[in-house]
Every structure is written in structure tokens, then in C-alpha cells.
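Numbering (the numbering used here), first residue to last: 163 to 617.
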């Protein structure tokens, strides 16, 4: 291969990080075919994604399985993050030594902060690739303000409802929505690791966000004013992006059957439910959601990794319970009328790109702030849970009522919300079109990579 640009992509080993990095790699190739990308994963991750279709200019390289397995990483997330922080640097450096042609640029996930010092030793320029919202990054960047104002730690049941307005890049925000703020041992350790990555980002050559400028202008403007390096918004960084259409349909027969089922449902009548692939909701709460869904009488498609037969029995016969689906393709289907989501950033962007309204049910980390963007800023969704106490169960009758109201296409509030969801979808389409904010920033980033080649 005669590529003059050799980019090494180093994602954090988690599905919500690997996928957007791969989408970015494909996007860069769509803009410049004279690029070779070496995509670095652990041997376990190669087994998970190695057979997925990709362009020839993307090749995999592996480091040994020096971190706990992907299976069960949520069980001890602190130990997993600590291993990622300490165990991967040495094998990555060994790999970098033997890569040919010599890498000309590295794109890394900021949670792998040690990549910056390795890149410096090799004299290779490096770009940070943040896969959560810019609003959340701005909170971590200014976390010291919470401490200065006496608002850390947060006791959700005592002061979680209090709204603070001093965090740059964010509109007024409930203390309960601030990530990693409860000062338990586990959360404190995670916060320490999250805050550690910020100074390293300032030492890189640029910062890439998987957002769209028009979705988070306040956060992007605030961060651009503070950083001396370029900041690019290259979102949405979801599977459809790069050639402005959806990637080919999987040949998975279950997937095709699900789409046939959706084809036979009335327009905007089905609620798509996904609580994410990593951190899970309590089984007691899942039971209440299932029973509330049955009481609502609404058609549904629920993706859940475990206990599917039990869920099917509880939910009734108005829908499907699946272990997996092509989420973006499902969300774009005309039968889908709403998205019950945990508000992970990738799911949030896919829902916005698909023009569907949300019922938000965030669990952890960046998800409450994403829920706030959906409900308060973009006004394309409702919170299922308005109380800030973390431990109270939401009962089936309340869930049934909110689902029924949310899926009522004739109500004025429902019509307004769906109209805004379609407008937001159009903003995304405009951003990735020629001359749009995302396409302009992708071009600027490629130009920066090319300039780095010049002696």
C-alpha cells in the first residue's frame, strides 16, 4: 500500500469508544483515500470486531490481553480502569516500534492518557478523540468550581435538586446531574482518573468531539475560548456517516425478521427500548418497566442482553424482546415513534439523527447531562424519572401512564416534541453535508494531519 499518511487509532477498550473511533477512521478514509489507518485493539477485542466489514485501508494491530476481560468489566469498573491506565502503555510502545510505515499521526481516546507521553517520545503528533458530549467534558474541565462553591460532594437526597449556573459551557444544571459527585470510594477513584486525563488533552495537537456544533454551541464556544489547540466537531460519528447513507444491512436473519415485523406496524406506533450494553438497571426496576409497558398497551421493540424469555412473559404480546439489533437502522424505521434510552452519548446521537423523541432513563456518568440536553436544551424528550433520589423505584403504573402519554401522537405536546425532533434531525443532516459544520471541521482536521507531514 502506497499511503503517505499513516494514522494509528488507539481507542479505549469499550464498545461505546471502539465504535465511534472506527466510524471516525472510515470517515477520514472517505475524505482522503491516501491514508492508512492502523487500528489498535487487544487480542480479545480483535476477536469481537475482527470480522466486521471495513475498508482495506484500515488494518488491525493487537496488543496482548493485559486488562480484565470485556465480559464482566462492569463488575469491577475501577479495577478495569486502573488496568487500562497502567498495563497497556508498555505493549503499545513495543507495537509502535515495529509498525511500518512509520506512523505520522496518532488519534487516541483521552482515557488512555499515557498515549500522549508515548507519542512525544516518538515525536509523533497526537489528536484527542472524546466520545462523550462536549458539555460533559466542560464539567470535568471545571470540576474545581464545584469544590470552590462548596457543592462537592453531592448528597442527591439533600441537595440534588439545587441548580448551579457557574460551569462554563453548560446551562444551569442540577447537582444530581453532575457526574461522579457522591464521594463514595468507587466514585471518588473514578473521578480522580477522569480529572487526571484533562491536563494531558491540553498537551495534544488538537481535540476532536463526536458532537455536532449546532447541538452544543455553548460548550464548544466555551472550550475553544480556553484551549490553545484547535477543537473540531466531527460528529455525529455514527455508522451512517462518511458517505451520507446507512452502512449495508447486516445479513443477520434475526435482524431482517425484526425489520419485517416493524414494516407491519403502524407509523410511529412502536417504542424502541434500550438501556445500553454496559451498566445495567436493577432487575426490580426492569420488572416495573416491563409491567408498565404491558399496562400502557403500546407496541414495543426492547433490546436487552439478558433474561429475555422472562421479559417477554412480563411485557405481553404487543412487541418483541431481542438480544441485539442494528439500533440506528431500527431508529430510522418509520414505525418507531419514540426511544426509551439510558442516554449514552452514541445512543443520544443516533436518536437525534433519526428524528425520534426520547424517554430518558439515565444511569451513570455522562448520561444525566445527556438527558438534560435532550429534555431541557433540545426539548425533544421527557424524563421518566424527575425525582433526583437515586434509589427510589419508579412503579409500573407511573411508567405505564408516561409511556401512553408519550406515544399519543394526537396530543399537542407530542406534536410539538416530534416537530422539534424532525428539526434537530435536519440540523444533523445539514452539518454533515458539504459546507456543514462537521464536514468543514473534518476537512480542517485532515488538512492539519497533512501539514504535520511537511518537514
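All residues carry an ideal CB built from backbone N, CA and C; glycine is no exception. Just so you know, these numbers come straight off a predicted model, no measurement behind them.
- Of the candidates 524, 601 and 512, 512 places its Cα closest to the Cα of residue 181.
- Every alpha helix (DSSP H) stretch that sits fully inside the segment 232-308 and reaches 4 residues is listed by chain position as 239-248, 251-260, 276-284 and 296-303.
- Annotation for residue 433: the continuous beta strand (DSSP E) segment containing it runs 432-436.
- The shortest CA-to-CA distance from residue 374 to any of 593, 614 and 336 is the one to 593.
- Annotation: the continuous beta strand (DSSP E) that includes residue 197 extends over 197-204.
- In the DSSP annotation of this structure, residue 486 is not part of any beta strand (DSSP E), being labelled neither H nor E.
- Taking every protein chain shown into account, the CB of residue 303 has 16 or more other CB atoms within 10 angstroms, so this residue is buried.
- A straight line joining the alpha-carbon of residue 353 with that of residue 419 spans about 43 Å.
- Spanning the alpha carbons of residue 421 and residue 473 requires a straight line of approximately 20 Å.
- In this chain, the alpha helix (DSSP H) harbouring residue 513 covers 507-516.
- If you ignore the 5 residues before and after residue 454, its C-beta comes within less than 6 Å of the C-beta of 558, 561 and 562, all in its own chain and listed in chain order.
- Here residue 533 is buried: its Cβ has 16 or more other Cβ atoms, across all protein chains shown, within 10 Å.
- Measuring C-alpha to C-alpha distances from residue 349 to each of 291, 363 and 240 identifies 240 as the nearest.
- Classified as buried, residue 332 has 16 or more neighbouring CB atoms from the shown chains inside 10 Å of its CB.
- Distances from the CA of residue 528 to each of 546, 506, 520 and 522 were compared; the closest alpha carbon is that of 506.
- If you look at residue 179, you'll find it in the alpha helix (DSSP H) that goes 177-193.
- Between residue 204 and residue 227, the C-beta spacing is below 8 Å.
- Considering only 616, 546 and 509, the residue with the shortest C-alpha distance to residue 179 is 509.
- Straight-line spacing of the CA atoms in residue 330 and residue 417 works out to 43 Å.
- Scanning its chain for C-beta atoms nearer than 7 Å, with the 5 sequence neighbours on each side dropped, one finds around residue 580 the residues 519, in chain order.
- Annotated three-state conformation of residue 495 is coil, per DSSP.
- By the Cβ neighbour-count rule, residue 491 is buried, with 16 or more other Cβ atoms within 10 Å of its own.
- Here the alpha carbons of residue 347 and residue 364 stand approximately 28 Å from one another.
- No Cβ-Cβ contact shorter than 8 Å links residue 484 with residue 516.
- Inclusion of residue 341 and residue 298 in the CB contact set at 8 Å is warranted, their separation being smaller than that value.
- In this structure, residue 265 sits near residue 170, with a CB-CB distance shorter than 8 Å.
- The three-state reading of DSSP puts residue 502 in strand, counting E and B together.
- If you look at residue 387, you'll find it in the alpha helix (DSSP H) that goes 379-388.
- The beta-carbon distance between residue 311 and residue 328, rounded to whole angstroms, is 7 Å. This is short enough to meet the 8 Å contact definition.
- Rounded to the nearest whole angstrom, the C-alpha separation of residue 388 and residue 531 is 21 Å.
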